[in-house]
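Undergrad: My questions all concern the structure below.
2 protein chains.
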Amino acid sequence: MVDDVFKALADPTRRRILDELAERDGQSLFEICARLATRHGLGLSRQAISQHLAVLEAAGLVQTRRQGRYKFHDLNTEPLERVMTRWLRPDAPEGTS
Amino acid sequence: MVDDVFKALADPTRRRILDELAERDGQSLFEICARLATRHGLGLSRQAISQHLAVLEAAGLVQTRRQGRYKFHDLNTEPLERVMTRWLRPDAPEGTS
DNA sequence: ACCATATGCAAGTGACCACTTGCCTAACAA
DNA sequence: TTGTTAGGCAAGTGGTCACTTGCATATGGT
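Protein sequence lines, in the order shown, are assigned to chains X and U.
Residue numbering for the first sequence follows the UniProt record's numbering, starting at 1 and increasing by one per position.
Residue numbering for the second sequence follows the UniProt record's numbering, starting at 1 and increasing by one per position.
Structure below.
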């Protein structure tokens, strides 16, 4: 579970996808492909993006909802918050003996 | 730079090492090896751990100081804090129109 | 000087990962 | 039904990664 989150974050393309979804939720696969191509210059195939989305969904970072022949993707930051407090101590501000 | 941090966090052994250093800073390579073996059941070679530490150091997550023939390792969480606020919005607590 | 300790460097190997290509299914429109 | 659009499944490939093995270096003790 935790492993899935970190593995998902390890790839720069997947982080770009998270950026895109953070900026605009509910995009379809083709929308994401188009925006990665036009705005980030990424020339990846549709299947490549689809596989990345599958990894992100397995990690719980992206949730999907089907609607007709479309499949919309939403960002879910909850796994990030849960996983990142691991080494960040509850900030004892320097004077806590 | 950012890529190095996420790549470093992608491996479970490296995360264990960060756990160890979070609990006790300033351990040498052999100390880390011993504690990973006894407390986590990890039977890795010294070189494996050494290479992991090199990755963590390249990411800035671990800082080292030499002292004679010893090399002590310290945790540095600053790259984590800098990198993880990327998708976690500055927590607008629900009533911020 | 000698020897043990603590660490570094380098090549080799097996597994995993990102990406592609090709075909297939499902939904909407004419 | 036929055609088009959105998406899924599966096999293949090149590259990267984690780990090992073997040798080398450096520090400290005696």
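Built from N, CA and C at the ideal position, the CB exists for glycine as well.
Give me the residue from Lys71(X), Lys7(X), Leu18(X) and Ala58(X) with the minimum Cα distance to Arg86(U).
TA: Mapped onto the second sequence, residue 86(U) falls at position 86. Here the closest residue by C-alpha is Leu18(X).
Undergrad: Is DSSP giving Arg66(U) helix, strand or coil here?
TA: As a working mapping, residue 66(U) is identified with position 66 in the second sequence. Arg66(U): strand per DSSP, three-state reduction.
Undergrad: Taking Gly68(X) as the reference, give the member of Leu53(X), Gly41(X), Ser28(X) and Glu81(X) with the closest Cα.
TA: For the purposes of this step, residue 68(X) is taken as residue 68 along the first sequence, with counting starting at 1. Among Leu53(X), Gly41(X), Ser28(X) and Glu81(X), the Cα nearest to that of Gly68(X) belongs to Ser28(X).
Undergrad: Under a CB-based cut-off of 7 Å, is Pro79(X) close to chain U?
TA: The count along the first sequence starts at 1 and reaches residue 79(X) at position 79. For Pro79(X), the answer is no, since every Cβ of chain U falls outside 7 Å of its Cβ.
Undergrad: Is the shortest distance between the beta-carbon of Phe72(X) and the beta-carbons of chain U less than 7 Å?
TA: Residue mapping note: residue 72(X) aligns to position 72 of the first sequence, counting from 1. Closer than 7 Å: no.
Undergrad: Counting only beta-carbon separations shorter than 7 Å, does Phe6(U) have a partner in chain X?
TA: Stepping through the second sequence from its first residue, residue 6(U) is reached at position 6. Yes - at least one Cβ of chain X is within 7 Å of the one on Phe6(U).
Undergrad: Which residues in chain U sit within 7 Å of Ala10(X), going by Cβ to Cβ distance?
TA: Within the first sequence, numbered from 1, the residue matching residue 10(X) stands at position 10. Within chain U, the residues near Ala10(X) are Phe6, Lys7 and Ala10.
Undergrad: Taking the alpha-carbon of Ile49(U) as reference, which of Phe30(U), Arg65(U) and Thr64(U) has the nearest alpha-carbon?
TA: The residue you call residue 49(U) lines up with position 49 of the second sequence. Ranking the options by Cα distance to Ile49(U), first place goes to Phe30(U).
Undergrad: Identify the residues that DSSP records as bridge partners of Gln47(X): which are they?
TA: Residue mapping note: residue 47(X) aligns to position 47 of the first sequence, counting from 1. DSSP lists no partner for Gln47(X).
Undergrad: Could you tell me the distance, in whole angstroms, from the CA atom of Leu53(U) to the CA atom of Arg65(U)?
TA: For the purposes of this step, residue 53(U) is taken as the residue at position 53 of the second sequence. For the purposes of this step, residue 65(U) is taken as the residue at position 65 of the second sequence. If you take the alpha carbons of Leu53(U) and Arg65(U), they lie about 13 Å apart.
Undergrad: Just mark Val5(U) as buried or exposed, buried being the case when its beta carbon has 16 or more other beta carbons within 10 Å.
TA: Position 5 of the second sequence, counted from the start, is the residue given in the question as residue 5(U). Classification of Val5(U): buried, given that the 10 Å Cβ count is 16 or more.
Undergrad: In chain X, which residues lie with their C-beta within 9 Å of the C-beta of Asp25(U)?
TA: Numbered from its first residue, the second sequence carries residue 25(U) at position 25. What Asp25(U) touches in chain X: nothing, since even the nearest Cβ is about 12 Å away.
Undergrad: What are the partner residues of Lys71(U), as DSSP defines its beta bridges?
TA: Within the second sequence, numbered from 1, the residue matching residue 71(U) stands at position 71. In the DSSP output, where bridge partners are listed per residue, Lys71(U) has Arg66(U).
Undergrad: Just how far apart, CA to CA, sit Met84(U) and Met84(X)?
TA: Here residue 84(U) is taken as the residue at index 84 of the second sequence, counted from 1. Here residue 84(X) is taken as the residue at index 84 of the first sequence, counted from 1. About 7 Å.
Undergrad: Is Arg14(X) buried or exposed, if buried means 16 or more other CB atoms sit within 10 Å of its CB?
TA: As a working mapping, residue 14(X) is identified with position 14 in the first sequence. So Arg14(X) ends up on the buried side.
Undergrad: From Arg82(U) to Asp74(U), what does the alpha carbon distance come to, in whole angstroms?
TA: Reading the second sequence from its first residue, position 82 is the one you call residue 82(U). Reading the second sequence from its first residue, position 74 is the one you call residue 74(U). For Arg82(U) and Asp74(U), the distance between alpha carbons rounds to 18 Å.
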